[in-house]
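Everything below concerns the one structure shown next.
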Amino acid sequence: MRTFYIETFGCQMNVHDSEKVGGVLAARGYQEVDTPDKADLIVYNTCSVRDKAERKVYSRLQQFKRDGGQGRMFAVLGCVAQQEGERIFDRAPYVGLVCGSASYNHLPELLTQLENGGHRLTGLSTDTEETFETPYTRRSSPHRAYITIMEGCSKDCAYCVVPFTRGPERSRTARSVLEEAACLADNGCTEIQLLGQNVNSYNDPSEAVSGFAGLLDAVARTPGLRRVRFTTSHPRDFGKDIVDAIDANPVLANHVHLPVQSGSTRVLDRMRRQYTREEYLERIGWIKAAHRRIAISTDMIVGFPGETEADFAETLSLVDLVQYDSMFSFKYSPRPGTAALALDGQVPDAESGARLTTLQEKQRAIQVRRNAGLVGSIEEVMVEGYNQATGQWIGRTLDNRVLNFILGAGAGSPRPGGYARVRVTRAGANSLAGESVDLL
Ligand code: 5AD
Ligand code: SF4
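Throughout, the working numbering is defined as the position within the sequence shown, counted from one, plus 7.
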């Protein structure tokens with residue numbers, strides 16, 4: 008029997024793509040192994056969103072340079088594959104297959120060629136209207152599952168490779184999404200996360216549901232599901248109907264990830280984000296006016312070309328206004344083929360680094376304060392596992408906080424995938440700690 012090893016870099020879409028690719032390989036009789044040296048086929052599913060992520064795959068491939076891979080098969084998939092294409096063969100000649108996500112529908116035939124000794128095989132067309140569906144997806148957890156609702160991105164952000172690496176936006180039919188959700192729920196899965204680069208512009212090709220809010224509502228009615236999450240939202244397309252849907256259905260997670268990238272309208276304009284600071288804050292206002300408490304998280308880029316001290320001060324003031332529950336923040340990284348390369352006003356690396364530290368310290372203080380406000384409350388968690396080292400169970404709240412807990416008197420013994428009510432006793436910047444009250 009053949010064996011494969013797969014390593015995944017990057018976002019949740021990549022994690023889920025690897026579950027699909029792993030399923031395709033398993034259906035061909037491959038068995039997964041946990042180290043590359045045991046594998047006949049080594050697969051890297053790559054990310055090129057920032058330079059650092061891109062370099063990782065080359066450092067992995069470098070390890071095999073001396074022995075040329077010793078007769079193993081190598082496949083490079085994902086965003087670096089799409090971006091670098093055949094250049095990967097020049098840097099690592101033992102790589103046999105390079106394929107971007109918009110061509111995964113062709114993986115079965117490409118794998119057949121690879122197994123038959125084919126080399127320099129490519130799947131690099133982004134000219135597709137299809138999404139990558141497979142009946143074989145191998146999910147890592149029986150309790151929580153990703154479902155792709157759309158692929159690609161047709162926005163035009165000046166810093167971003169995704170429209171090039173994942174191709175144009177295309178939505179999957181609501182019917183197939185709902186069938187997958189029902190099938191997962193029938194098999195005991197209680198939490199689903201709907202995935203897309205810009206879920207708010209979801210547009211059911213069969214017109215059975217209206218917009219993303221229509222899909223959310225329909226998925227959340229699937230019998231057996233207790234939690235439905237979604238990511239990622241683009242502020243431009245984020246409608247109040249999403250907030251109304253969350254308010255109307257307690258199965259929908261009370262958490263919105265709404266990447267802002269900058270608090271300065273001038274920078275947002277240069278980034279081609281298609282909204283102003285004020286328009287973004289209007290959306291935050293809708294979320295805060297909801298009846299349910301809805302957690303808000305974001306992504307932020309510092310040091311975008313032309314970002315002045317005054318622009319950065321606007322970012323800090325936006326963070327003060329919004330009071331995010333969590334944030335991913337990055338130094339701007341120039342990416343091949345993107346419009347931002349042509350912009351002047353490069354911010355020196357040391358300056359970007361200093362801004363990033365300032366931003367992260369501010370955000371950390373906000374998180375400490377917000378989390379402290381939850382001490383004493385009782386939260387429902389999904390149990391994700393047990394941490395031997397700390398002797399705590401690991402739980403996650405509906406609004407996406409980590410809440411580690413010990414067992415309260417008479418609370419019963421939890422199981423991964425189960426639910427518990429936990430009283431919050433302590434709070435840190437990145438997690439909460441507590442004691443279980445009862446199991447649900
Ligand atoms: N440089 C830095 N950060 C980037 N992101 C996307 N492209 C870049 C880039 N060129 C960040 C954005 C996005 C997140 C997934 O990655 O904040 O929301
Ligand atoms: Fe990385 Fe973006 Fe590709 Fe995800 S879509 S793997 S974040 S480059």
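We treat Cβ as the ideally placed atom computed from N, Cα and C, and that holds for glycine.
Given the structure is predicted, the values throughout are model-derived calculations rather than measurements.
Annotation for G159: R173, G174, P175, E176 and R177 place their beta carbon closer than 6 angstroms to its own, counting only its chain and skipping 5 residues before and after. With fewer than three CB-CB distances shorter than 8 angstroms, the segment 23 to 39 does not count as touching the segment 316 to 328.
When secondary structure is reduced to three states using DSSP, D445 falls in the strand class.
Selection E122, E137, T135 and L117 evaluated against L128 yields L117 as nearest (Cα-Cα). Listed in chain order, the beta strand (DSSP E) elements of length 3 or more contained wholly in the segment 54 to 134 are 80 to 84, 102 to 106 and 128 to 130. In the structure shown, M8 falls within a coil segment according to DSSP collapsed to helix, strand and coil.
Rounded to whole angstroms, the Cβ separation of L446 and P421 is 6 angstroms, and the two are in contact under 8 angstroms. Of the residues assessed, N194 falls on the exposed side of the cut-off, its CB having fewer than 16 other CB atoms within 10 angstroms.
Under the DSSP assignment, H264 falls in the beta strand (DSSP E) whose first and last residues are H262 to H264. With 16 or more other Cβ atoms inside 10 Å of its own Cβ, F219 counts as buried. For Q38, the secondary structure class from DSSP, reduced to helix, strand or coil, is strand. Secondary structure note for D224: its alpha helix (DSSP H) is the uninterrupted segment G218 to A227.
Leaving aside the five residues that flank Y65 on each side, the residues in its chain whose CB is nearer than 7 angstroms to its CB run, in chain order, R98. In this structure, V431 lies near G441, with their beta-carbon atoms less than 7 angstroms apart. Contact between G270 and S359 is absent: CB atoms are separated by about 16 angstroms, not below the 8 angstroms threshold. Pairing N378 with A434 gives a Cβ-Cβ distance under 7 angstroms.
Sixteen is the threshold: when 16 or more other Cβ atoms of the shown chains lie within 10 Å of the Cβ of V56, as they do, the residue is buried. Three or more beta-carbon pairs separated by less than 8 angstroms link the segment 243 to 252 to the segment 290 to 300, which places the two stretches in contact.
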